[in-house]
Amino acid sequence: MKLNQLFLTVLCLPLSLSSTACAINKPLEPSGYLDAVVIGHLANQSIEESSGLAASRIYDDVLWTSNDSNHKPILYATGTDGSNIGTVMIHKARNRDWEDLASFRLKNIPYLLIADVGDNFLDRKKYYIYLIREPQIKKLHADSINTVSWSYRIRFTYEDGHHNCESVAVDTVNRKILLLTKEDPPDIYVLDLSTRSQKSDQVAYRLIEVNTLPGLSLNKLLNNPEFGPYQHLTTSMDISPDGLTAAILTYKNAYLFKRKPGEDWAEVFIRPPYLIPIPDLKQAEAICFGSDGKTLFVTSEKLPTPLLRIGVKK
7 MKLNQLFLTV
17 LCLPLSLSST
27 ACAINKPLEP
37 SGYLDAVVIG
47 HLANQSIEES
57 SGLAASRIYD
67 DVLWTSNDSN
77 HKPILYATGT
87 DGSNIGTVMI
97 HKARNRDWED
107 LASFRLKNIP
117 YLLIADVGDN
127 FLDRKKYYIY
137 LIREPQIKKL
147 HADSINTVSW
157 SYRIRFTYED
167 GHHNCESVAV
177 DTVNRKILLL
187 TKEDPPDIYV
197 LDLSTRSQKS
207 DQVAYRLIEV
217 NTLPGLSLNK
227 LLNNPEFGPY
237 QHLTTSMDIS
247 PDGLTAAILT
257 YKNAYLFKRK
267 PGEDWAEVFI
277 RPPYLIPIPD
287 LKQAEAICFG
297 SDGKTLFVTS
307 EKLPTPLLRI
317 GVKK
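Numbering (my numbering), first residue to last: 7 to 320.
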């Protein structure tokens, strides 16, 4: 999402900075992660608005990303060093507002999920999720575009109207897709993770309000009048391959929510998260767990596109 489109969101914020938005602005516990390090920039200059990021489930050193709204329906393969590996066009798909990516294995088949769920002006009738089998990079070339077809498409609505969403993650343990709205405070909605063709739309049901994330604060407004109103808004989400950790990115920081085996996500998001500070970026928009399920990667919109790595403390 472009920041100049966010004024609609700001108009909907509580004018008094109410307790829901500000109650969790106390210090959070550190996450056990190292400081984020910029390890390079994405070599492919076509990636100008990186808004989704997913680690390959085939290769240890490959990431997938995509551009934001009104770009071609294309995925970009990049090395974990930022190198340009190749480009994939998704046949018969539309990038109305691709806002996040996810990767996962289901029945040992590696998939990429593309979330066409952005709705800045709350005027969409339908939202779409595309599932494709992860392409083999040996078929890709840095100077050409390969075309693949989506394997499944989920068309859905929300149970209670329109929502803008930029954060989507996959829980393969429970076979669910989690959608985190870009609202204040945000809500988690849930879809079934299905690989069957469906004749009717799915309905995303509301799971819980996530009021444990730091909200809008007076200090943020005073210290940064231009961007302070937006820094707490959520822009990306990922769930670790073992299903036990959710990472959420905002324009300002990243946060981790830890889940115990068998615990419902509704129980997880009522606890305060662990904090991962992020250096100032032009527009932090994408986060994912690496192939080891622990290391985190972050990208930002605007060229040159930085690639950040966040390792775990030993």
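We put the beta carbon where it would ideally sit given N, CA and C, even for glycine.
Enclosing alpha helix (DSSP H) for residue i [first to last residue]
| i | result |
| --- | --- |
| Trp-271 | 271-274 |
Other residues of its chain near residue i: CB distance less than 6 Å, five sequence neighbours each side excluded
| i | result |
| --- | --- |
| Pro-116 | Arg-63, Ile-64, Glu-140 |
| Glu-87 | Per the sequence presented here, residue 87 reads as Asp, with Glu not at that position. Once the five neighbours on either side are set aside, the close Cβ partners of Asp-87 are Gly-46. |
| Arg-111 | Arg-63 |
| Pro-310 | His-47 |
| Thr-201 | Tyr-158 |
| Val-274 | Phe-263, Arg-265 |
| Asn-10 | Bear in mind that a pLDDT of 47 at Asn-10, under 50, signals an unreliable position, so the number given afterwards is only what the model happens to contain. Same-chain partners within the cutoff: there are none. |
| Glu-165 | Val-209, Tyr-211 |
Beta-carbon contacts of residue i that lie in its chain and below 7 Å, excluding the five residues immediately before and after
| i | result |
| --- | --- |
| Lys-300 | Val-318 |
| Asp-248 | Gly-299 |
| Thr-153 | Met-95, His-97 |
| Leu-34 | Pro-278, Pro-279, Tyr-280, Leu-281 |
| Arg-102 | Ser-75, Asp-122 |
| Ala-99 | Pro-79, Tyr-136, Trp-156 |
| Leu-213 | Ile-194, Tyr-195, Val-196, Trp-271, Ala-272 |
| Lys-145 | Asn-152 |
Buried or exposed (CB count within 10 angstroms, at least 16 for buried), residue i
| i | result |
| --- | --- |
| Glu-147 | Glu is not the amino acid found at residue 147; the sequence shown has His there. It counts as exposed. |
| Glu-172 | buried |
| Val-216 | buried |
| Met-107 | The residue you asked about is not Met; residue 107 is Leu in the sequence shown. By the neighbour-count rule (16 or more Cβ atoms within 10 Å), Leu-107 is buried. |
| Gly-167 | exposed |
| Phe-127 | exposed |
| Lys-132 | exposed |
| Gln-289 | buried |
| Asp-125 | buried |
| Val-209 | exposed |
| Leu-118 | buried |
| Lys-320 | exposed |
| Ile-151 | exposed |
| Ser-109 | buried |
| Tyr-39 | buried |
| Asp-177 | buried |
| Lys-188 | buried |
| Lys-113 | exposed |
| Ser-206 | exposed |
Range covered by the beta strand (DSSP E) that runs through residue i
| i | result |
| --- | --- |
| Phe-303 | 302-306 |
| Thr-153 | 151-155 |
| Asp-177 | 171-177 |
| Gly-46 | 43-47 |
| Ala-83 | 80-85 |
| Thr-93 | 90-97 |
| Asp-74 | Run containing Asp-74: none; DSSP gives neither H nor E here. |
| Tyr-195 | 193-198 |
| Ala-148 | No beta strand (DSSP E) contains Ala-148, which DSSP labels as neither H nor E. |
| Leu-185 | 182-187 |
| Gln-208 | 208-215 |
| Leu-239 | Here Leu-239 belongs to no beta strand (DSSP E), and DSSP marks it neither H nor E. |
| Lys-264 | 259-264 |
| Asp-106 | 104-112 |
| Thr-163 | 158-164 |
| Phe-295 | 290-295 |
| Asp-122 | 115-122 |
| Gly-317 | Where Gly-317 is concerned, there is no enclosing beta strand (DSSP E), given that its DSSP letter is neither H nor E. |
Expected contact under 8 Å - CB spacing of residue i and residue j to nearest Å
| i | j | result |
| --- | --- | --- |
| Val-94 | Glu-105 | Not a contact, Cβ separation roughly 18 Å. |
| Ile-183 | Ser-157 | Rounded, the Cβ-Cβ distance is 15 Å, inconsistent with contact. |
| Ile-160 | Ile-91 | About 27 Å; that fails the 8 Å criterion. |
| Ala-83 | Phe-295 | Contact flag wrong, Cβ pair sits at about 17 Å. |
| Thr-71 | Ser-52 | In fact, because the Cβ distance is near 10 Å, the residues do not count as touching under 8 Å. |
| Val-68 | Leu-314 | That belief does not hold up - the Cβ atoms of Val-68 and Leu-314 are roughly 17 Å apart, past 8 Å. |
Cβ shell of residue i (< 8 Å), same chain only, five flanking positions each side left out
| i | result |
| --- | --- |
| Leu-219 | Ile-30, Pro-191, Pro-192, His-238, Thr-240, Ile-254, Thr-256, Tyr-261, Pro-279 |
| Glu-54 | Asn-73, Glu-307, Lys-308, Leu-309, Thr-311 |
| Asn-230 | Gln-237 |
| Ser-22 | Caution applies to Ser-22, whose pLDDT of 36 falls short of 50 and renders its modelled position unreliable; the value that the coordinates give is listed next. Cβ neighbours of Ser-22 beyond the five flanking positions: none. |
| Ile-316 | Tyr-39, Leu-40, Asp-41, Ala-42, Val-43, Ala-260, Ile-282, Thr-301, Leu-302, Phe-303, Val-304 |
Near the ligand ZN: residue i beta-carbon under 7 Å from a heavy atom
| i | result |
| --- | --- |
| Leu-213 | Judged by which ligands are present, the structure shown has none, so any question about the ligand ZN falls away. |
How do the region 239-258 and the region 172-189 stand: do at least 3 beta-carbon pairs fall below 8 Å, yes or no?
-> yes
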